[in-house]
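**Student:** Counting with my numbering, you get residues 424 to 1159 for the letters of the sequence shown. Glycine included, every Cβ here is placed at the ideal spot set by N, Cα and C. These numbers were taken from a predicted model, which means no experiment stands behind them. Let me give you the structure first, and then I'll get to my questions.
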Amino acid sequence: VARMARTVFTFCRICEARCGLAVTVENDRVVQIAPDKENPHSWRDFCAKARTAGRVVDHERRILAPLRRVGDRYVEASWDEAIGDIARRLRRVLDAHGPDAIGAYWGNPNGWSESNHLARDAFLDAIGTSQRYNSASVDNNAVLYVCNEMYGTARLFLIPDVDEAHCMLLVGANPAVSAFNWTCSVPGGWKRVLAAQANGADVIVVDPRRTETAAAADTHVAVRPGQDWAFLLGLLTVVLTEGLIDAADANDADGLAELVRLVSEVDLEHLAGVCDVPTDAIVDVARRFARAPTGFCFTATGVSHHRTGAVGEWLGHVLNVVTGRLDRTGGRYKQRSFVDTAPFQARLKRPPRRPSRVRGLPAINGTHSMAEMAGEILTPGPGQIRAMIIHAGNPANTGPAGAELDRALSQLDLLVAVDMVQRESHRHAHWLIPAPHWLERDDLLISFAASSDEPFVQYGPQAVPPPPGMREEWRFFIDLALAMRRPLFGHRGANTAIRATRALARITGVPALAFHPRWYTRLVVAAGRTLRWQDILDHPHGWVWSERRYGVLRAELAERGRRIQLAPPTLLARCRELLAQPAPAAPAEFPFLLINKRDKNLMNSWLSDVPGLHRKPGTDVEMNPSDADAIGVRDGDPVRVASPVASVEAPVAVTDVVAPGVVTIGHGWGSRVFDPTAEKPPMVAGVDRNRLVSNTDLDPVSQIPALSSTYVSVTRAGSRAPSLADTTDRESEGVV
Ligand code: SF4
424 VARMARTVFT FCRICEARCG LAVTVENDRV VQIAPDKENP HSWRDFCAKA RTAGRVVDHE
484 RRILAPLRRV GDRYVEASWD EAIGDIARRL RRVLDAHGPD AIGAYWGNPN GWSESNHLAR
544 DAFLDAIGTS QRYNSASVDN NAVLYVCNEM YGTARLFLIP DVDEAHCMLL VGANPAVSAF
604 NWTCSVPGGW KRVLAAQANG ADVIVVDPRR TETAAAADTH VAVRPGQDWA FLLGLLTVVL
664 TEGLIDAADA NDADGLAELV RLVSEVDLEH LAGVCDVPTD AIVDVARRFA RAPTGFCFTA
724 TGVSHHRTGA VGEWLGHVLN VVTGRLDRTG GRYKQRSFVD TAPFQARLKR PPRRPSRVRG
784 LPAINGTHSM AEMAGEILTP GPGQIRAMII HAGNPANTGP AGAELDRALS QLDLLVAVDM
844 VQRESHRHAH WLIPAPHWLE RDDLLISFAA SSDEPFVQYG PQAVPPPPGM REEWRFFIDL
904 ALAMRRPLFG HRGANTAIRA TRALARITGV PALAFHPRWY TRLVVAAGRT LRWQDILDHP
964 HGWVWSERRY GVLRAELAER GRRIQLAPPT LLARCRELLA QPAPAAPAEF PFLLINKRDK
1024 NLMNSWLSDV PGLHRKPGTD VEMNPSDADA IGVRDGDPVR VASPVASVEA PVAVTDVVAP
1084 GVVTIGHGWG SRVFDPTAEK PPMVAGVDRN RLVSNTDLDP VSQIPALSST YVSVTRAGSR
1144 APSLADTTDR ESEGVV
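Take a look at the structure:
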């Protein structure tokens, strides 16, 4: 029976912007997705990724039931069979080899469900493993590390005040494409920058590539890739030596004297040589930035994707503090939150995170670098990973040296992938566990309660029901811990309580009496004593619940009896180490520096397989005309790009947006989507450039691999059109 079309107001759960959506649903199917024009916060910022989200719901290769590997294909199984078998095999590994023999990796989409996040952590705490990895270790770790050192909390959203800034110093950021949806949300951020610029704001972009943002800037500083830190240290040197500081703010933090000592050791000419920016330009930018009435320095992945990333990120924050841009109008500021998770987190018995077994590296914000996963699986000894759960993630594509990780994953005793489709990292999985699309579930994202540029909250209701029999991921993790008889949340009583609620629900016939992680969300909202749950629900288009305020961060730090730390010893020492090094030079056999770029229609490695979303894969090799002449290629010719760890082939795009000696290939492409029935060949678009990156070449502080500073060679390839079959260690076919 055909049902009337209805409109569901919800929000997008692909990136930090969380744009308001109006989803038209007919017969429980998505027929159209449009921006919610009544969303008071975000309606301006709708993009093609959300417009095409219905195609992901209807993905032709979607996993709809638990699938067990039998030979080279998969067969359907019941949830009981899946939970029972996985629990038995995990238990066997745990009993024989201890908790660290079980590893877990989770990707970015997992961040958009509080329930899944909570239950997965509760399960891992039940196991007690330290072998936890996530996608933050390829982009976010630098900012997490720096915020923890400077402000005492890793997850801190420092929002750029684009409307009020007189000077915007954007370093390694491309908001014309990303719209500032990076560790915070500024809806329509780029349009607002352009509006401010039209009113006289000074926009300075520091980026080795002439990005869309750089092309619109008042000044583009084409810094040498990976040497943003040297440019920023040059700015700090000028600011401190010329007395261009905000004395009150600089002295309200600890460590100014250490910074003064540091810059006294700096030779500006040397830094200019390292970052390949003339001294005059460094001095000019420093003065413009520091003398502007308001402004901010904003650093993003272009800074963090290097072995210098943590120092670069730190210097950006330091510049903001000493020039009086932090927590001020027109600077970078923190917003208030409406939740309080502290009382509940304090009660959880989180197992301590051990340093990594093979390289001895510490965890950052509770997880290890994905660059370590392959070694932790392949290296024999106590604590070797023998079983792994990959949850909404694709580390063989997202991270470095994918071929080595692929080999490692093939050797596990048990690999379980929880996802909507079978991706590159899941090809050796023993079990494929289905997951609902975000349009199929309710969410209130408390982790992002303070990430918008104004106090905003929205409850996102389910737009369409999940396919019959589908379960949310949180249920899988809870069921698994119960079947393994391991204490969820690290508390013995938790399992008993959850079983009791389920029994009650069964006896009374009231499903809502069974435990749901949403209970936690409601509790932390209540604990926040700011908003009432019902009031949130009463604002279906979202709710700007208060006016924007400045000074929130300092007030919160004062409450905790803490001051900003300008000179954390690790970062200071690493900076001195970099200062002592000579200007970088390419090795003769790998004369080009490979950098990264952002694609508007990708979310990291996600969405490369959405039909009709992309005109073509974004993996052309951008190369300067002088370099193209030197190696004898013309626009569109196939080239072979090789690093010490792998090689790929792709067409060259001859362009002066990159300087001589620099080449660009976009990341997130080249991951296969398999047909679990093995009847059709894998779907694929583009090549995976991340496999050119070594998994041992990391920033020693943030542990982020050199995704944007890997030396490569580029040579003319054969005349036929390149395909994924040209990529080393590959065996793929079809194109999306
Ligand atoms: S992916 Fe696009 S629509 Fe979705 S939240 Fe991000 S900017 Fe908004």
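Which ranges would you report for the alpha helix (DSSP H) in the region 873-907 if only whole runs of at least 4 residues count?
**Tutor:** Entirely contained in the region 873-907, the alpha helix (DSSP H) runs reaching 4 residues are, in chain order, 896-907.
**Student:** Please determine if the region 1024-1036 and the region 715-732 are in contact, where contact requires at least 3 C-beta pairs separated by less than 8 Å.
**Tutor:** Result no; under three Cβ-Cβ pairs closer than 8 Å.
**Student:** Are the CB atoms of VAL1081 and ARG632 within a distance shorter than 8 Å?
**Tutor:** Contact flag set, yes.
**Student:** Where PRO766 and ARG751 are concerned, what is the direct C-alpha to C-alpha distance, given to the nearest angstrom?
**Tutor:** Rounded to whole angstroms, PRO766 to ARG751 spans 29 Å at the Cα level.
**Student:** On the CB-based measure, 16 or more other CB atoms within 10 Å of its CB, does ASN622 come out buried or exposed?
**Tutor:** Exposed is the call here.
**Student:** Closer than 8 Å is the cut-off here; do at least three beta carbon pairs connect the region 1075-1093 with the region 1018-1031?
**Tutor:** The region 1075-1093 is in contact with the region 1018-1031.
**Student:** Taking the Cβ atom as the reference point for each residue, do LEU862 and TYR882 lie within a distance shorter than 8 Å?
**Tutor:** Their beta carbons are not under 8 Å apart, which means LEU862 does not touch TYR882 by this criterion.
**Student:** Going by beta carbon distance, what residues of the same chain come within less than 8 Å of VAL683, once the five residues before and after it are set aside?
**Tutor:** Within the same chain, VAL683 has close Cβ partners LEU663.
**Student:** Please report the straight-line C-alpha distance between MET1026 and ASP459, rounded to a whole angstrom.
**Tutor:** Using only the alpha carbons, I get a separation of about 21 Å.
**Student:** Could you work out which residue in SER1094, GLN845, ASN539 and ASP1122 is closest to GLU1000 when comparing CA atoms only?
**Tutor:** Nearest C-alpha to GLU1000: ASP1122.
**Student:** Cα-Cα, which of GLU982, SER1136, ALA733 and LEU617 is closest to ALA1011?
**Tutor:** Comparing Cα positions, the closest option is SER1136.
**Student:** What ranges does the alpha helix (DSSP H) occupy inside the region 1013-1060, keeping only unbroken runs of at least 4 residues that lie completely in it?
**Tutor:** Qualifying alpha helix (DSSP H) stretches, in chain order: 1048-1054.
**Student:** Starting from the Cα of PHE721, find the closest Cα among LEU749, SER538 and ASP503 and give me that residue.
**Tutor:** The residue with the shortest Cα to Cα distance from PHE721 is LEU749.
**Student:** Contact between the region 601-610 and the region 436-452: three or more CB pairs below 8 Å?
**Tutor:** These segments touch.
**Student:** Could you name the residues of the same chain whose beta carbon sits closer than 7 Å to that of ARG945, not counting the 5 residues immediately before and after it, in chain order?
**Tutor:** Only TRP956 meet the Cβ criterion.
**Student:** Could you compute how far the alpha carbon of TYR556 sits from the alpha carbon of ASP961?
**Tutor:** Taking the straight line joining both Cα atoms gives about 38 Å.
**Student:** Does DSSP classify ALA981 as helix, strand or coil?
**Tutor:** The answer is helix: DSSP assigns ALA981 an H, G or I state.
**Student:** With respect to 7 Å, is the separation between the Cβ of ALA602 and the closest non-hydrogen atom of the ligand NAD below this value?
**Tutor:** With respect to the ligand NAD, the structure shown offers nothing to examine, as its ligands consist of the ligand SF4.
**Student:** Could you check what DSSP says for ASP481 in three-state terms: helix, strand or coil?
**Tutor:** Note: ASP481 maps to coil in three-state DSSP.
**Student:** By Cβ distance, which residues of its chain are closer than 6 Å to ALA1144, with the 5 residues on each side in sequence left out?
**Tutor:** Low confidence applies here, because ALA1144 scores a pLDDT of 43, under 50, leaving its location unreliable and the question unanswered by this model.
**Student:** Would you say CYS470 touches the ligand SF4, meaning its beta carbon is less than 7 Å from a heavy atom?
**Tutor:** Yes - the ligand SF4 has a heavy atom lying nearer than 7 Å to the Cβ of CYS470.
**Student:** For the alpha helix (DSSP H) containing CYS590, name the first residue and the last one.
**Tutor:** Element bounds for CYS590: not the alpha helix (DSSP H) but the beta strand (DSSP E), 590-594.
**Student:** For the alpha helix (DSSP H) that SER727 lies in, which residues bound it at each end?
**Tutor:** That run of the alpha helix (DSSP H) goes 724-727.
**Student:** Name the one or two DSSP bridge partners that SER1136 has.
**Tutor:** SER1136 is bridged to ALA1065.
**Student:** How should ASP548 be labelled, buried or exposed, when 16 other C-beta atoms within 10 angstroms of its C-beta is the threshold for buried?
**Tutor:** Buried.
**Student:** In this structure, does DSSP put MET843 in helix, strand or coil?
**Tutor:** MET843 falls in the coil class under three-state DSSP.
**Student:** Can you list, in chain order, the residues of its chain with a C-beta nearer than 6 Å to that of ARG1168? Leave out the 5 residues immediately preceding and following it.
**Tutor:** Since the first residue of the chain shown is 424 and the last is 1159, residue 1168 is not available in this structure.
**Student:** Measuring CB to CB, does ILE808 end up less than 8 Å from GLN554?
**Tutor:** A contact, by the Cβ cut-off of 8 Å.
**Student:** Under 6 Å Cβ to Cβ from ARG991, same chain only, skipping five residues before and after it: list those, please.
**Tutor:** Residue identity differs from the one stated: residue 991 is Pro in this sequence, not Arg. If we look at PRO991 and ignore the five residues flanking it on each side, its Cβ neighbours are GLU572.
**Student:** How many Å lie between ARG977 and ARG985 at the Cα?
**Tutor:** Whole-angstrom Cα-Cα distance: 9 Å.
**Student:** Is there at least one non-hydrogen atom of the ligand SF4 closer than 7 Å to the beta-carbon of ARG441?
**Tutor:** True, at least one ligand heavy atom lies under 7 Å from that Cβ.
**Student:** Considering MET573, what are the terminal residues of the alpha helix (DSSP H) in which it resides?
**Tutor:** Per DSSP, MET573 belongs to the alpha helix (DSSP H) from 564-574.
**Student:** Excluding sequence positions up to five away, which residues of its chain have a Cβ less than 7 Å from the Cβ of ALA637?
**Tutor:** For ALA637, where only same-chain residues beyond five positions count, the Cβ hits under 7 Å are VAL628, ASP630 and HIS643.
**Student:** At a cut-off of 7 Å, is ALA1082 close to the ligand SF4 when judged by its beta-carbon and the heavy atoms of the ligand?
**Tutor:** Not under cutoff, so the answer is no.
**Student:** I'd like the span of the beta strand (DSSP E) that includes MET811, first residue to last.
**Tutor:** 810-814 is the span of the beta strand (DSSP E), which, as asked, contains MET811.
**Student:** Does the distance between the C-beta of CYS607 and the nearest non-hydrogen atom of the ligand SF4 fall short of 7 Å?
**Tutor:** Because no heavy atom of the ligand SF4 lies under 7 Å away, the Cβ of CYS607 does not count as near it: no.
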